[in-house]
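Trainee: Supplied in C-alpha cells, the structure appears directly below.
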Amino acid sequence: MARGQLSAVELTRSCLDRIDTFDSRLHSFITVDEEGAMAAAAAADTKRDLGDEGKLLGIPLSIKDLICTEAMATTCGSKMLANFIAPYDAAVVENIRAAGGIMVGKTTMDEFAMGSSSETCCFGAPANPYNTDFVPGGSSGGSAVSVAAAEALGSLGSDTGGSIRQPAALCGVVGMKPTYGRVSRYGLVAFGSSLDQIGPITRDVTDCALMLAVVAGYDRRDSTSVNRPVEDYPAALRKGMDTLRIGVPREFFQEGIDLEVEGVVRGGIDMLSDAGATVVEVTLPHIKYGVAAYYLIASAEASSNLARYDGVAYGFRAPADELLAMYKDTRTQGFGEEVKRRILIGTYALSSGYYDAYYKKASQIRTLIIEDFKAAFCDCDVLVSPVSPTPAWRIGAKTDDPLAMYLSDIFTLSTNLAGLPGISVPGGFSGDGLPIGIQLQAPHFHESVLLRAAYNLELQTELANHLPSL
Ligand code: GLN
C-alpha cells in the first residue's frame, strides 16, 4: 500500500470475500461489519493520499467479542449480552482506530472467555481451519481462526489463562499475551481481573510486534496499567540470538505431554541453540499446583465480576413478577453451563469457612509460582516450553469432561498467575497435519527480548504466513 500497488479498499474487500467464502464452515465471526469496514477502508485510502502513515493504516483486523466497540455488538459469546452495544470503545479499539486499522468484525469465543476450545460460545462454535472436525482452541478461537484463514490480517484476543496463546498454537499463527499492565484493560469485559490481558494474534512475529506497539501503553482509566515507556518492538526483532540464554523448565517436559508436541518443542530449542543462544535447564518446583491455583483464583474473580449480570443495568432480563425471581431467572437462563460452574466454584472458594482453605491457599501458591519464575530468570532470559500438551482435539471430545478441558491449559496459565509476557510461535505439524506451537516466556516488561527470540525462531521454522488449504 505504501508503494501504491494495493489499496485499503482492495485489501479489505479480499478479507470480506474470504469471510463470505469460508465463514459458513469456520464460523470465526459473531458479527461482520461489511459496511463500516468498507467505509473505513475508503477513508484510509484518502488519508494515505494525504500523506498519513498510520502504523496500521488500511489494515483489516478482527476483534474478540469481549472487547467493547461502539459500532458493533459486544456479546461475550453469551445469551446474557446477545444484544449489548457498548456505550464506548475500549482503549485498544481507540488505539487501533488512531493507527488507521480497520475492524471487519467481532470474533467467536467461549462464553465470557471461559474455556479452551471456543465450544461454549452460545452462537455456535468455530472450527479449526486445518481440519474442520477439530477445535481451534479457545477462548479466543474465532480470532485465531480469522487470522489463520486470512479473513483478517491480525486480531486482538484476551488471555486469562492461555486464551491467546493456545488457539494461536492450535491454528498455526502467532499469539502474544503481554505483561499484566502493559495493555489497557479499559473496555475489556472482565473475567479474572488480576489475570486478564489483551494481546495480538497475527500471521507472523513482525506483525505481532507492530500490533503490540499500537495497543501497548499507559492508560489512567485502567488502574493496573503501568506507566512505562513503550519500546520500539519492531526494531527489537532483528538483533541476533547470541547473547540470549534460553531456559528449559524441567517440569514442562514430564508426563502428559504428547510425543509429537515434545518433538516439535525440542526441535525449536535446537533451532534457538543453532541461532547462537545458550540453553540451560531450569526448574519451577511449584508449577504442579498451577492448574488448581488458577481455577480457584480465576473462578473466584469471575464469580465476583459476573455478579453484575442481574438483568438490571444491561443485557438479558427474564420476565418475572418480583425482583428476586427476576435475578434468579435472568441468571439461570442467561448463563451457559460452564459459566455457571465457574460462578459456583468461585462462590464456594470465597465463602466464609472455605476462604482460607481455597482462595487464600491458592493466592499463596501464586506467590510461590512468582518466586519460581524470578529464580529461573536469574539463569536465563527466555523460557521455552509447549503451549498446549496436545495438538487440537476433535470437536466434542472434551465437552463432557471439564477437568480434561482445564488440564489443556497446564503450560499457559502460570504465565498469567505470574503476570509475565508469553508468546506462541508456530513450531510444526502433527502427523495428522494439525499445527503445534512453541511457547516463549520472559520477565515482566521484557516484550522486546521475547519478540526477538520469537522472530529468530520463526526465521528457522519458516512457518510464517503459512496458509491452510481451505
Ligand atoms: N481456558 C482457561 C479458562 O477456561 C483460560 C481462558 C482464558 O484465558 N480466557 O479459564
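Our numbering puts the first residue of the sequence shown at -18, with every later residue one more than the last.
Heads up, the beta-carbon is just placed ideally off N, CA and C, and yes, glycines get one too.
Just so we're clear, the structure is a prediction, and the values are computed from it rather than from any experiment.
1. Quick check: the Cα distance between arginine 29 and alanine 79, rounded to an integer number of angstroms?
2. I believe asparagine 109 touches leucine 62 by the beta-carbon criterion, under 8 Å. Please report the beta-carbon distance rounded to the nearest angstrom.
3. For ligand 1, any of its heavy atoms closer than 7 Å to the Cβ of glycine 58?
4. Check for me: the beta strand (DSSP E) holding phenylalanine 410 runs from which residue to which?
5. Using DSSP with H/G/I as helix, E/B as strand and the rest coil, what is threonine 320?
6. Alpha carbon to alpha carbon, how far is aspartate 177 from arginine 210? Give it in angstroms, no decimals.
7. May I ask whether a heavy atom of ligand 1 can be found less than 7 Å away from the beta carbon of aspartate 46?
8. Can you name the start and end residues of the alpha helix (DSSP H) that threonine 89 belongs to?
9. Would you decide whether proline 449 is buried or exposed? Buried here means 16 or more other CB atoms lie within 10 Å of its CB.
10. Should the region 91 to 102 be called in touch with the region 367 to 386, which here means at least 3 C-beta pairs below 8 Å?
11. Could you say which of Leu191, Phe115, Tyr275 lies nearest to glycine 173 if we only look at CA atoms?
12. As an exercise, report each continuous beta strand (DSSP E) stretch of at least 3 residues that is fully enclosed by the region 246 to 292, in chain order.
13. Return the CA-CA distance between alanine 72 and glycine 138, expressed in angstroms with no decimal places.
14. Please indicate yes or no: does the CB of phenylalanine 233 lie closer than 7 Å to some heavy atom of ligand 1?
15. By Cβ distance below 6 Å, which residues in the same chain neighbour serine 452 in space, the five residues on each side in sequence not counted?
16. If you follow the alpha helix (DSSP H) that serine 127 is part of, which residue opens it and which one closes it?
17. Taking 7 Å as the cut-off, is the CB of serine 144 close to at least one heavy atom of ligand 1?
18. Could you give the distance in angstroms between the alpha-carbon of glutamate 15 and the alpha-carbon of serine 395?
19. Any heavy atom of ligand 1 closer than 7 Å to the beta-carbon of aspartate 140?
20. Please state the DSSP three-state secondary structure of glutamine 441.
21. Closest to glycine 317 by C-alpha separation, out of Ala(-17), Ser59, Ala25, Gly17, would be which residue?
22. Compare the Cα-Cα distances from valine 515 to each of Val363, Tyr161, Glu443, Ile145 and report the closest residue.
23. Measuring from the CB of aspartate 390, is there a heavy atom of ligand 1 at a distance below 7 Å?
24. Provide the residue(s) that pair with arginine 29 in DSSP beta bridges, ordered along the chain.
25. Taking the alpha-carbon of glutamate 132 as reference, which of Val13, Asn64, Gly403, Gly162 has the nearest alpha-carbon?
26. Does the pairing of the region -14 to -1 with the region 104 to 124 give three or more beta-carbon distances under 8 Å?
27. Beta-carbon within less than 6 Å of isoleucine 404's beta-carbon, same chain only, minus the 5 sequence neighbours each way: which residues are those?
28. Can you tell me whether glutamine 345 is buried or exposed, with buried defined as 16 or more other CB within 10 angstroms of its CB?
29. For the beta strand (DSSP E) holding glutamine 345, just list the boundary residues, first then last.
30. Grouping DSSP H, G and I as helix and E and B as strand, with all else coil, what is glutamine 147?
31. CA-CA distance, threonine 101 and lysine 379?
32. Using a Cβ-Cβ cutoff of less than 8 Å, which residues in the same chain neighbour arginine -1 once the five nearest sequence positions on both sides are dropped?
33. Helix, strand or coil for glutamine 420? Go by DSSP, reduced to three states.
34. Could you have a look at proline 230 and say whether DSSP puts it in helix, strand or coil?
35. Give me the Cα-Cα distance between leucine 169 and glycine 81, rounded to the nearest whole angstrom.
36. Pick helix, strand or coil for valine 368, following the three-state DSSP scheme.
Mentor: According to the data block:
1. On the sequence shown, residue 29 is found 48 positions in, with the first residue counted as 1. On the sequence shown, residue 79 is found 98 positions in, with the first residue counted as 1. One C-alpha to the other measures close to 14 Å.
2. Within the sequence shown, the letter at position 128 stands for residue 109. Within the sequence shown, the letter at position 81 stands for residue 62. Not quite, the Cβ-Cβ distance comes to about 26 Å (not below 8 Å), so this is no contact.
3. Walking along the sequence shown from the start, residue 58 turns up at place 77. Checking every heavy atom of ligand 1 against the Cβ of glycine 58, none is found closer than 7 Å.
4. As a position in the sequence shown, residue 410 is number 429, starting the count at 1. Counting along the chain, the beta strand (DSSP E) containing phenylalanine 410 begins and ends at 403 to 410.
5. As a first step, residue 320 is located in the sequence shown; it is residue number 339 there, counting from the start. It is worth fixing the name first, because residue 320 is valine in this sequence and not threonine. Looking at valine 320 - three-state DSSP - the assignment turns out to be helix.
6. One-based indexing of the sequence shown puts residue 210 at position 229. One-based indexing of the sequence shown puts residue 177 at position 196. First, the residue type needs correcting, since residue 210 is proline and not arginine in the sequence shown. Each residue's Cα considered, the two are about 21 Å apart.
7. The residue given as residue 46 occupies position 65 in the sequence shown. No - ligand 1 has no heavy atom lying nearer than 7 Å to the Cβ of aspartate 46.
8. Numbered from its first residue, the sequence shown carries residue 89 at position 108. Looking at the DSSP string, threonine 89 is not in any alpha helix (DSSP H), and its letter there is neither H nor E.
9. Mapped onto the sequence shown, residue 449 falls at position 468. That one is buried.
10. yes
11. Taking the sequence shown and counting its residues from 1, the one referred to as residue 173 is at position 192. It is Tyr275.
12. Counting only runs of 3 or more residues that sit fully inside the region 246 to 292, the beta strand (DSSP E) segments are 259 to 263, in chain order.
13. On the sequence shown, residue 72 is found 91 positions in, with the first residue counted as 1. On the sequence shown, residue 138 is found 157 positions in, with the first residue counted as 1. Each residue's alpha carbon lies about 14 Å from the other.
14. Translated into positions along the sequence shown, residue 233 becomes position 252. Taking 7 Å as the cut-off, one finds no heavy atom of ligand 1 near enough to the beta carbon of phenylalanine 233.
15. With the chain covering -18 to 451 only, the question about residue 452 has no answer from this structure.
16. Taking the first residue of the sequence shown as position 1, residue 127 is located at position 146. Taken as a continuous stretch (DSSP letters only), the alpha helix (DSSP H) holding serine 127 covers 122 to 129.
17. Here residue 144 refers to the residue found at position 163 when the sequence shown is read from its first residue. At least one heavy atom of ligand 1 is nearer than 7 Å to the Cβ of serine 144, so yes.
18. The residue labelled residue 15 in the question sits at position 34 within the sequence shown. The residue labelled residue 395 in the question sits at position 414 within the sequence shown. Between the alpha carbons of glutamate 15 and serine 395 lies a distance of about 39 Å.
19. Numbered from 1 along the sequence shown, position 159 holds the residue referred to as residue 140. Within the cutoff, so yes.
20. For this step, residue 441 is matched to residue 460 along the sequence shown. Helix, per DSSP.
21. By 1-based counting over the sequence shown, the position of residue 317 is 336. Nearest to glycine 317 by alpha-carbon distance, out of Ala(-17), Ser59, Ala25, Gly17, is Ser59.
22. Since the first residue of the chain shown is -18 and the last is 451, residue 515 is not available in this structure.
23. By 1-based counting over the sequence shown, the position of residue 390 is 409. It does: the Cβ of aspartate 390 is within 7 Å (strictly closer) of some heavy atom of ligand 1.
24. Working through the sequence shown from its first residue, we reach residue 29 at position 48. DSSP lists no partner for arginine 29.
25. Here residue 132 is taken as the residue at index 151 of the sequence shown, counted from 1. The shortest Cα separation from glutamate 132 among Val13, Asn64, Gly403, Gly162 belongs to Val13.
26. no
27. In the sequence shown, counting from the first residue as 1, residue 404 sits at position 423. These residues qualify, in order along the chain: Met157, Leu421, Leu431, Ala435.
28. Taking the sequence shown and counting its residues from 1, the one referred to as residue 345 is at position 364. Flag for glutamine 345 reads exposed.
29. As a first step, residue 345 is located in the sequence shown; it is residue number 364 there, counting from the start. Where glutamine 345 is concerned, there is no enclosing beta strand (DSSP E), although the alpha helix (DSSP H) it sits in stretches over 342 to 360.
30. Looking up residue 147 in the sequence shown gives position 166. Glutamine 147 falls in the helix class under three-state DSSP.
31. One-based indexing of the sequence shown puts residue 101 at position 120. One-based indexing of the sequence shown puts residue 379 at position 398. Taking the straight line from one Cα to the other gives about 11 Å.
32. On the sequence shown, position 18 is the one that residue -1 refers to. Counting only Cβ-Cβ distances below 8 Å, and skipping sequence neighbours, we find Ala130, Ala131, Glu132.
33. As a first step, residue 420 must be located in the sequence shown, where it is residue number 439. DSSP places glutamine 420 in strand when its eight states are reduced to three.
34. Within the sequence shown, the letter at position 249 stands for residue 230. Three-state DSSP puts proline 230 in a strand.
35. Locating residue 169 in the sequence shown gives position 188, counting from the first residue. Locating residue 81 in the sequence shown gives position 100, counting from the first residue. About 21 Å.
36. What you label residue 368 is simply residue 387 of the sequence shown in a count that begins at 1. It is coil, neither helix nor strand.
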